[in-house]
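S.K.: The opening position of the sequence shown corresponds to residue -4 in the numbering used here, with each subsequent residue numbered one higher.
Backbone N, C-alpha and C define an ideal beta-carbon position, used for all residues, glycine too.
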Amino acid sequence: MAEDSNMQSSNGKWMMPVFVFFKDARLVFKMDSLGLEILRIAFPAALALAADPIASLIDTAFIGHLGPVELAAVGVSISIFNQASKVTIFPLVSITTSFVAEEDTIGRISNIEEPEVLENSEKDSSNKITGSSSEMTEVKSEDAALESLERGTTTSSETKPEEDSSAAICKSPSINGGKVSNSQMSKEKRHIPSASTALIIGAILGLIQALFLIFGAKTLLLIMGVKSGSPMMRPALKYLTLRSLGAPAVLLSLAMQGVFRGFKDTKTPLYATVAGDLTNIILDPIFIFVCRLGVSGAAIAHVISQYLISLILLLRLMKQVYLLPPSLKDLQFSRFLKNGFMLLARVIAATICVTLAASMAARLGSTPMAAFQICLQVWLTSSLLADGLAVAGQAILAGAFAEKNYKKATIAATRVLQMGFVLGLGLAVVVGLGLYFGSGIFSRDANVIRLINIGIPFVAATQPINSLAFVFDGVNFGASDFTYSAYSMVLVAVASIASLFVLSKSDGFVGIWVALTIYMGLRTFAGVWRMGTGTGPWRFLRGRLLP
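1) Short check: CB of ALA193 to CB of THR91, under 9 angstroms?
2) Please work out which residues of its chain come closer than 6 angstroms, Cβ to Cβ, to TYR317, disregarding the five sequence neighbours upstream and downstream, and give them in chain order.
3) Closest by CA to ALA395, which one among VAL298, VAL470 and PHE207?
4) Determine which residues share a DSSP beta bridge with ARG185 and list them.
5) Tell me which residue opens and which closes the alpha helix (DSSP H) that ALA490 is part of.
6) Taking all protein chains shown into account, decide if PRO532 is buried (16 or more other Cβ within 10 angstroms of its Cβ) or exposed.
7) With distances taken between CB atoms, is the gap from ALA190 to VAL95 smaller than 9 angstroms?
8) Could you please give the first and the last residue of the uninterrupted alpha helix (DSSP H) stretch that includes ILE460?
9) Can we say the segment 260 to 279 touches the segment 27 to 44, given the rule of at least three CB pairs closer than 8 angstroms?
10) What is the residue span of the alpha helix (DSSP H) that PHE331 lies within?
11) What number of angstroms, rounded off, separates the C-alpha of LEU246 from the C-alpha of PHE367?
12) Pairs of beta-carbons, one from the segment 433 to 442 and one from the segment 499 to 510, closer than 8 angstroms: are there three or more?
13) So, with DSSP's three-state summary, where would you put LEU288?
14) For a test of the three-state rule: what should DSSP assign to MET251, helix, strand or coil?
15) Is it buried or exposed, GLY435, if we count other Cβ atoms within 10 angstroms and call 16 or more buried?
16) Drop a sphere of 10 angstroms on the beta-carbon of ARG238, count the other beta-carbons inside from all chains shown, and report buried for 16 or more, exposed for fewer.
17) Just verifying my parser: in three-state terms, what is the DSSP assignment at VAL23?
18) To the nearest angstrom, report how far apart ILE73 and LEU418 are at their CA atoms.
19) How would you call ASP19, buried or exposed, if buried means at least 16 neighbouring beta carbons within 10 angstroms?
20) Please work out which residues of its chain come closer than 7 angstroms, Cβ to Cβ, to ALA488, disregarding the five sequence neighbours upstream and downstream, and give them in chain order.
21) Report the three-state DSSP secondary structure of LEU61 (helix, strand or coil).
22) Quick check on VAL13: does DSSP put it in helix, strand or coil?
23) If you drop the 5 nearest sequence neighbours on each side, which residues of the same chain put their C-beta closer than 8 angstroms to that of ASN448?
24) Whether or not the segment 224 to 235 and the segment 273 to 280 are in contact is what I'm after, with contact meaning three or more pairs of Cβ atoms, one per stretch, closer than 8 angstroms; do they touch?
25) Rounded to the nearest angstrom, how far is the Cβ of GLY415 from that of VAL13, given a contact under 8 angstroms?
26) Round the Cβ separation of MET337 and THR457 to the nearest angstrom and send it over; I've been treating them as touching at under 8 angstroms.
27) Please determine if the segment 55 to 67 and the segment 297 to 305 are in contact, where contact requires at least 3 C-beta pairs separated by less than 8 angstroms.
28) Quick check on the DSSP output: what are the complete alpha helix (DSSP H) runs of length 4 or more inside the segment 428 to 458, in order along the chain?
29) Where does SER80 land, buried or exposed, given buried means 16+ other C-beta within 10 angstroms?
30) CYS370: buried (16+ other C-beta within 10 angstroms of its C-beta) or exposed?
31) If you reduce the DSSP assignment to three classes, tell me which class MET228 lands in.
32) Where LEU332 and LEU249 are concerned, what is the direct C-alpha to C-alpha distance, given to the nearest angstrom?
33) Should ILE307 be labelled buried (16 or more other beta-carbon atoms within 10 Å of its own) or exposed?
34) At 4 residues or longer, what runs of the alpha helix (DSSP H) sit wholly inside the segment 186 to 222?
35) Identify which residue in VAL505, SER89 and MET26 has its Cα closest to the Cα of VAL342.
36) Could you check which residue in ASN400, LYS399, ARG358 and LEU412 has the C-alpha nearest to that of LEU384?
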């Protein structure tokens, strides 16, 4: 109580909404209903998100034994493919998760309320029936009493009123079924317009991305700094062209993952992703070394794994959702496109920063690029573990805002942010030690290992900042704050790109990592500013403490 009173002014206003980040910080490890719900969503999501980068790391380890040129070539190709995928995947998955969570929450509320309304109307009618039945019973009792007096006998104890008809109504299966309709509904197929829309858009975008990467592969590699006469060009071109064939499967599978996340089901995507990635790991050495396909074998193995993931998810989703909507009018293309363009601008801004950093590293030569690729993969893989908390925060917040339950929204947001920071501290230790002692797994080249050791302090020390940045993304998306997310990222990108140009020229490899640290720090600051000032969807923090 004392803490709350200090945070409020005399008229019940927040003096500084930024204090909300520290509210109940001691409960960060508490396994209450909220904590268990976050972990139930976040843990499988984190494993699923980390599974693909881990598979890419294993690809990198296998390819690294082919030589530093092949490793650098694949590094550039993976960077192009990943950044091109993010331009289409990120807006699609983020919007799908929020929209499906909102529709699912509203649908569940309406399915629970309808039986209650029916039950109330049935109770009203039963009261009327009971009332009329009581009146008839009283009349019959009076008639029986008169007859008994005439016969000289008493019937008060022998006369039984008719069975109350309301008992039959109360036993009606429609009422009892209504009370368990929530659990029954989860087992029944549902019409979710956002799910159908996401699958259609995902399939179209996947085909467009595949054609773009296949026909523009050489041009994109030239833009990334791989010259026509470079020994990296041929293996990079092979890998990128073949891996682009899997783009439709990647887009479709991630659209379906967005649907499952909206249902707060992150286990199904995890099972599908693990099955696909294990297939990739098994096929890698077979295609690369046994079949002697080199980098082409690694690309083919990856494409097969992506189509397997899509097939598993599609079969599971068909059991829960009607993939074809009742009519074309139910599809939400305009809503997806409106918010999608906002997130597209955001993703392009973020993509330019990371892609530019990889391009700067490629211009330094094959050795710096190989070291940068290894550090970048570890950096992104470890940071994506925090993205599991972002998925949990987004799904829970989207439902809470749909219910207009601002108290739950605030508590959930602060909890996932606090958990994200603690996770980042742990990752800093694990990543630092792991990369220091395990760098030899990725390359045997002494110069590559030396540069990796130089990048370790940046990769490890930025983990808490990265974790907060990723979780803030989930918080903003859960609040449907897509516009702010777009504009703030554009401003962050402008400052980060400027620092990349300046620092990479003056400090080379180290300068690139300093610029990436600035980039993630600015992303985190943008998230703190929005919620900490109580603006946008968080303006209720400037009103009453919490309803």
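M.R.: So, from the listed chains and residues:
1) yes
2) LYS184 and HIS186
3) VAL470
4) VAL316
5) 477 to 527
6) buried
7) yes
8) 458 to 473
9) yes
10) 328 to 358
11) 27 angstroms
12) no
13) coil
14) helix
15) exposed
16) buried
17) coil
18) 27 angstroms
19) exposed
20) ALA344, ALA345, ILE347 and CYS348
21) coil
22) helix
23) TYR431 and SER434
24) no
25) Incorrect: roughly 17 angstroms between the Cβ atoms, too far for contact.
26) Going by Cβ atoms, the distance from MET337 to THR457 rounds to 27 angstroms, so no, they are not a contact pair.
27) no
28) 441 to 456
29) buried
30) buried
31) helix
32) 17 angstroms
33) buried
34) 188 to 210 and 212 to 218
35) SER89
36) LEU412
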